[in-house]
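Trainee:
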Amino acid sequence: MPLLRPDPTFYPSPRLAMQAPPEKHAFVAALNPPGSKLNDAILVVDVDPGSRTYGNRVGQVTLPKFGDELHHFGWNACSSALCPYAPHPHVERRYLVVPGLRSSRLHIIDTKPDPRKPKVVKVIEPEEVFARANYSRPHTIHCGPEGIYVSALGAPNGDGPGGIFMLDCETFDILGQWEMDRGPQFLQYDFWWHLGFDALLTSEWGTPNMIESGLQPDLLLGSKYGHQMHVWDLRRRRHIQALDLGKEQQMVLEMRPAHNPTKAYGFACVVVSLKDLSASVWLWHRNNGAWDLKKVIEIPAEPADPAKLPPLLRDFKAVPPLVTDIDLSLDDKFLYVSCWGTGQFLQYDVSDPFNPKKTGSVRIGGIVNRTPHPKNPNQPLAGGPQMVEVSRDGKRVYFTNSLYAAWDEQFYPDGVGSWMVKLDAGRNGGITFDQNFFVESSDYRVHQVRLEGGDSSSDSFCFP
Amino acid sequence: MRGLWPWLAVFGLGVFHGINPAMGWLFAVALGLQEQKRAAVLRALPPIALGHALSIGVIVAAVLLVRISLPHRALKIAAAGILFAFGLYRLIRSRHPNWVGMRVGFGDLTLWSFIMASAHGAGLMLIPLFLRPAPSPLAPGTRPMDSHMHSTCGFGFDSFSSPSLLAVSVVVHTCGYLLVTGLLAMLVYEKVGVGILRRAWFNMDLFWMLALMVTGMFILFI
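In the order they appear, the protein sequences are chains A and B. Heads up: the first sequence at position 282 corresponds to 1392 in my numbering, and the numbers run straight through without jumps. Heads up: the second sequence at position 24 corresponds to 25 in my numbering, and the numbers run straight through without jumps.
Right, dumping it as structure tokens:
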């Protein structure tokens, strides 16, 4: 049923969205560890500090089939429904669109009326994705002003090209491939846009065949994983410009454009540089009508005792930071950076996007350090900071510790564990662990977090 | 005075169309905010008004054309059917137009406004006002009331030929539309801010489509 007034979780601008009330629930992608017989699930975690079950799992919905490998999911509708060119603000933010990265199956999950008891209401089988979109391995969901955009890593046979396909935002029917002219683009990972500039940007990881059996050292050392970003005309669905970070910059993953639609810049992370195992964050920005790149953050590898390193890294005698996720607060002020290898989690003030200043840092887990959480100071932790999500008001930061099942085993061969933590962020910078929030799971690995009502990577805005 | 009422209705429907954020003023505000210039708001208004005028103009012209050849009763039934069916369809399947793009020039905005007005059935809402048979110059005495009005007022619908009735109606309607669109755009841009959308953006589509259906049924009884 259409609403009589806009969904209360829709905000015209990121500035207004920061005034949203604190979230009460978090939805967390849960995947079965290798060897387990469990079907993947979406977990519901209580994040309301006033609740008796704060910091606990309070619900879950188990998916109907085995072997999905859940990754990044999103909402059926968000603040972009207020955009003036295709307004439809009287739909509800209600359904989670949840792709299985390995199975290519899409699930529509209803989070109402009780967010603690979500239900699967529609399943789109892989054959339908293959037939209607000619893509496979759906990965990231964004709710656009006029439909749902889904990125997919490859073609049905596991090679490239990967790309984007569209879902109808009301019926969830697959509408087909998004691209009209893909130009030189072949690899696909993340995407997002600058709605005020009719620009869409995509990043590159690898085709399904390059990643599904684990990170392949020969491909990595041969610079075969992605090292480019692509700029597209959002309106005409055409490739405009390829931005090359250099062949040594391997795997360009998460893209976080400025939330303010009048600003044409954003940040993308690179997992590893072949030169020195460092990781980096790059700024893209519009410069005289064309798009340009600048490396703004570089995080060095840390020397390590080879005995403490997994076989993959032993020869390098160092642990790479492996920056695998970043997130930008809604005021475009703080950028959060997950270093999955070293166990560092960093906060930068990016008010001047060309010159980030480090304002906060914590450590937890890590390939070598195994830093414990303050709640259990004697328990060494495997895995490291990975998928990060920031609350709309910018005061709370949540992250989980698993990357991608086949790769977890290579970097954490004795088990990656499964935990979710929360940080409190100061108004002017600085991050500290919430000692009461440590969600550990023995059955599932945890990946992406979505906050009830929206978060800092779920919504896009047409007004500044 | 009776000759004035249809004009007030034409103007009033323009005002009503202008209120709907989806029909123009919100896009003008967004363009102003994007460029951080009041001039961008003002620049958006003419193409938005033009697109709206074209959309309702096409419908009114079609009615004026059809009413010459179609018997009055058949015209009423056809109009009622169209209004009712359109309202019902949009009520059941509330699809929004799939326009994409904020970087729009004069032509884009005109086309966008034309699409938005047409998709909302803006022109359909005017149909009931134009259903009366065209005045027949050969038989002035057959409708004594009207000829009386004609002579005393001189601005009733019947005192215009079809082409001039079309032109004047479109202008009058668009004036009402532009007045409200412009006022709301400037008010929201300068003073109120887009936060008002969260509280005041009532689901006009719902009301609008019900209104079309009711009007469709009403036509049959006038």
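Cβ coordinates follow ideal geometry from the N, Cα and C atoms, glycine included.
Under 7 angstroms Cβ-Cβ, which residues of chain B neighbour residue 1311 of chain A?
Mentor: By Cβ distance, chain B contributes nothing, its closest Cβ being about 16 angstroms from residue 1311 of chain A, past 7 angstroms.
Trainee: Since residue 34 of chain B meets chain A, which of its residues come closer than 8 angstroms, beta carbon to beta carbon?
Mentor: Chain A residues near residue 34 of chain B: 1372, 1573 and 1574.
Trainee: Taking only runs that begin and end inside the segment 1191–1278 of chain A, name each unbroken alpha helix (DSSP H) of 4 or more residues, in chain order.
Mentor: Here the runs fully enclosed are 1236–1243.
Trainee: Below 9 angstroms on C-beta distance, what does residue 87 of chain B contact in chain A?
Mentor: Those do not exist, as residue 87 of chain B stays about 17 angstroms from chain A at its closest Cβ, beyond 9 angstroms.
Trainee: Which residues of the segment 97–130 of chain B have a Cβ closer than 7 angstroms to any Cβ of chain A? Give them in chain order.
Mentor: So the list reads 97, 98, 99, 100, 101, 102, 103, 104 and 113, given in the order they occur along the chain.
Trainee: In angstroms, rounded to a whole number, what distance separates the CA positions of residue 122 of chain B and residue 87 of chain B?
Mentor: In a straight line, the C-alpha of residue 122 of chain B is about 8 angstroms away from that of residue 87 of chain B.
Trainee: Please classify residue 114 of chain B as buried or exposed, where buried requires at least 16 neighbouring CB atoms within 10 angstroms.
Mentor: Buried, by the Cβ-count rule.
Trainee: For residue 1379 of chain A, name the three-state secondary structure that DSSP assigns.
Mentor: Residue state, collapsed to three classes: strand.
Trainee: Any C-beta of chain B within less than 8 angstroms: which residues of the segment 1114–1126 of chain A qualify?
Mentor: For the segment 1114–1126 of chain A, which is checked against every Cβ of chain B, the residues closer than 8 angstroms are 1114, 1115, 1116, 1118, 1120, 1121, 1122, 1123 and 1126.
Trainee: Among A:1246, A:1370, A:1178 and A:1157, which one has its Cα closest to the Cα of residue 1124 of chain A?
Mentor: Of the candidates A:1246, A:1370, A:1178 and A:1157, the one whose C-alpha sits nearest the C-alpha of residue 1124 of chain A is A:1370.
Trainee: What first and last residue would you give for the beta strand (DSSP E) that runs through residue 133 of chain B?
Mentor: Counting along the chain, residue 133 of chain B falls outside any beta strand (DSSP E), and DSSP gives it neither H nor E.
Trainee: Apply the 10 Å Cβ neighbour rule to residue 1176 of chain A and answer buried if 16 or more other Cβ atoms are within range, or exposed otherwise.
Mentor: Per the 10 Å Cβ criterion, exposed.
Trainee: Drop a sphere of 10 angstroms on the beta-carbon of residue 1231 of chain A, count the other beta-carbons inside from all chains shown, and report buried for 16 or more, exposed for fewer.
Mentor: Under this definition residue 1231 of chain A is an exposed residue.
Trainee: By the criterion of Cβ-Cβ separation under 7 angstroms, what are the contact partners of residue 22 of chain B in chain A?
Mentor: Near residue 22 of chain B (Cβ distances below 7 angstroms), the residues of chain A are 1197.
Trainee: So, with DSSP's three-state summary, where would you put residue 1339 of chain A?
Mentor: Residue 1339 of chain A falls in the strand class under three-state DSSP.
Trainee: How do the segment 1397–1410 of chain A and the segment 36–46 of chain B stand: do at least 3 beta-carbon pairs fall below 8 angstroms, yes or no?
Mentor: The segment 1397–1410 of chain A is not in contact with the segment 36–46 of chain B.
Trainee: Thinking just about the alpha-carbon of each residue, which of A:1122, A:1397, A:1257 and A:1427 is nearest to the one in residue 189 of chain B?
Mentor: Nearest C-alpha to residue 189 of chain B: A:1122.
Trainee: Any C-beta of chain B sitting closer than 8 angstroms to the C-beta of residue 1562 of chain A?
Mentor: Residue 1562 of chain A does not count as touching chain B.
Trainee: Indicate the three-state DSSP secondary structure (helix, strand or coil) for residue 204 of chain B in the structure shown.
Mentor: If DSSP states are grouped into helix, strand and coil, residue 204 of chain B belongs with coil.
Trainee: Between which two residues does the beta strand (DSSP E) containing residue 1488 of chain A stretch?
Mentor: Segment: none, residue 1488 of chain A is in no beta strand (DSSP E) and carries neither H nor E.
Trainee: Near residue 1358 of chain A, what residues of its chain come up, given a Cβ to Cβ distance below 7 angstroms and the 5 sequence neighbours on each side ignored?
Mentor: Result list for residue 1358 of chain A: 1333, 1383, 1384 and 1385, in chain order.
Trainee: Given 8 angstroms as the limit, is there contact between the segment 1217–1229 of chain A and the segment 1258–1266 of chain A, that is, 3 or more CB pairs closer than that?
Mentor: No, the segment 1217–1229 of chain A is not in contact with the segment 1258–1266 of chain A.
Trainee: Taking Cβ to Cβ, would you say residue 156 of chain B is nearer than 8 angstroms to residue 25 of chain B?
Mentor: Against a cut-off of 8 angstroms, the Cβ pair of residue 25 of chain B and residue 156 of chain B comes out as no contact.
Trainee: In whole angstroms, what separates the C-alpha of residue 1498 of chain A from that of residue 184 of chain B?
Mentor: Residue 1498 of chain A and residue 184 of chain B: Cα-Cα distance of roughly 44 angstroms.
Trainee: List, in chain order, every chain A residue whose beta-carbon is nearer than 8 angstroms to that of residue 198 of chain B.
Mentor: Chain A residues near residue 198 of chain B: 1116, 1122, 1192 and 1199.
Trainee: Closest by CA to residue 1567 of chain A, which one among A:1501, A:1515 and A:1532?
Mentor: Minimum Cα distance to residue 1567 of chain A is reached at A:1501.
Trainee: Please determine if the segment 201–218 of chain B and the segment 78–92 of chain B are in contact, where contact requires at least 3 C-beta pairs separated by less than 8 angstroms.
Mentor: Cβ pair count under 8 angstroms is three or more, so yes.
Trainee: Which runs of the beta strand (DSSP E), 3 residues or longer, sit entirely within the segment 1303–1379 of chain A?
Mentor: Here the runs fully enclosed are 1309–1313, 1338–1343, 1348–1354 and 1359–1367.
Trainee: DSSP beta-bridge partners for residue 1408 of chain A?
Mentor: Paired residue(s): A:1390.
Trainee: Any beta carbon from chain B within less than 8 angstroms of residue 1130 of chain A's own beta carbon?
Mentor: Not one chain B Cβ lies under 8 angstroms of residue 1130 of chain A.
Trainee: Please classify residue 1135 of chain A: does DSSP put it in a helix, a strand, or coil?
Mentor: Residue 1135 of chain A falls in the strand class under three-state DSSP.
Trainee: Provide the residue(s) that pair with residue 60 of chain B in DSSP beta bridges, ordered along the chain.
Mentor: BP columns for residue 60 of chain B are empty, so no partner.
Trainee: Helix, strand or coil, according to DSSP, for residue 98 of chain B in the structure here?
Mentor: Of the three classes helix, strand and coil, the one that applies to residue 98 of chain B here is coil, per DSSP.
Trainee: Confirm, please, whether the CB-CB distance from residue 1548 of chain A to residue 1486 of chain A is below 8 angstroms.
Mentor: In this structure, residue 1548 of chain A lies closer than 8 angstroms to residue 1486 of chain A by Cβ.
Trainee: Just checking, does the segment 1515–1524 of chain A make contact with the segment 1130–1140 of chain A on the three C-beta pairs under 8 angstroms criterion?
Mentor: Flag = no, the segment 1515–1524 of chain A and the segment 1130–1140 of chain A do not touch.
Trainee: Taking DSSP as the reference, what is the three-state secondary structure of residue 158 of chain B?
Mentor: Note: residue 158 of chain B maps to helix in three-state DSSP.
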